[in-house]
């Protein structure tokens, strides 16, 4: 009942601070699988997707004041989808993967969106791990390899000297914690999406995988903010 009450509040047009507080409470509650059973419905998923700005295809990410709400809504969706098989099935019905790819596109060349990008990628990782149909959808319909590779490239700030050769800057400072976390989430999602890609058929796919291989090489030459984070990245 507490989760339902929180979602009823979130459905209304409340203040940002109230939305963040409600989402933080829901995120903690959503770690319990038993709590999730009565609240994992299409309506409730749509409430969280709206707060995460996943239902607005055209609208850009402009209001920085809304970013904490988007991040908390994405965190809630991560917990719910990880802990609920019903939510995993609803994700396919609600076309969640396509909306997440669209949100990633909106994050390009934007400031202050690192946390949004990171939890968007984590949700794509979870969906591609837990639902084989979504994994196929990402690979075949949503250009998931390209979208995720570009997210990885952006997180690593790759500069190119040739078509498949990234610049090697030995004096470059380590990645920030946020950049490292985004790169790690992109790598995990890429692994799932390319898991069955042992047979490459087209020139486009060949180019995509050579491009990805160059970024992965660059990744191995990149350091994170700590030794442990560098090891996790590699």
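Residue numbers (full-length UniProt numbering): 1 to 234.
Beta carbons: idealized from backbone N, C-alpha and C, even for Gly.
In this text, all values refer to a predicted model and were calculated from it rather than measured experimentally.
Under DSSP, residue 73 takes part in no beta bridge, so it has no partner. Counted as a single uninterrupted DSSP element, the beta strand (DSSP E) harbouring residue 161 occupies residues 160-162.
Taking every protein chain shown into account, the CB of residue 70 has 16 or more other CB atoms within 10 angstroms, so this residue is buried. The criterion of a C-beta distance shorter than 8 Å is not satisfied by residue 122 and residue 164.
Between residue 190 and residue 222 the beta-carbon gap is near 16 Å, outside 8 Å, which marks them as no contact. Residue 183 is positioned such that its CB atom lies no closer than 8 Å to that of residue 195.
Inter-residue distance for residue 87 and residue 116 is about 21 Å (C-alpha atoms, whole angstroms). Out of 77, 103, 93 and 85, the CA that lies nearest to the CA of residue 60 is found in 103. Within the same chain, 23, 48, 51 and 52 come within 7 Å of residue 73 by CB-CB distance, once the 5 residues on both sides are set aside. In the DSSP assignment, residue 155 falls within the unbroken alpha helix (DSSP H) covering 144-156. Distance from the CA of residue 187 to the CA of residue 108, rounded to the nearest whole angstrom, comes to 18 Å. Bridge pairing for residue 166: 160 [DSSP]. Excluding sequence positions up to five before and after residue 38, its CB lies within less than 8 Å of the CB of 3 and 4, all in the same chain and listed in chain order. Taking C-beta atoms under 8 Å as the contact rule, residue 180 and residue 106 fail to qualify, at a distance of about 22 Å. Going by C-alpha positions, residue 98 is about 22 Å away from residue 68. Straight through space, the alpha carbons of residue 171 and residue 95 are spaced by roughly 43 Å.
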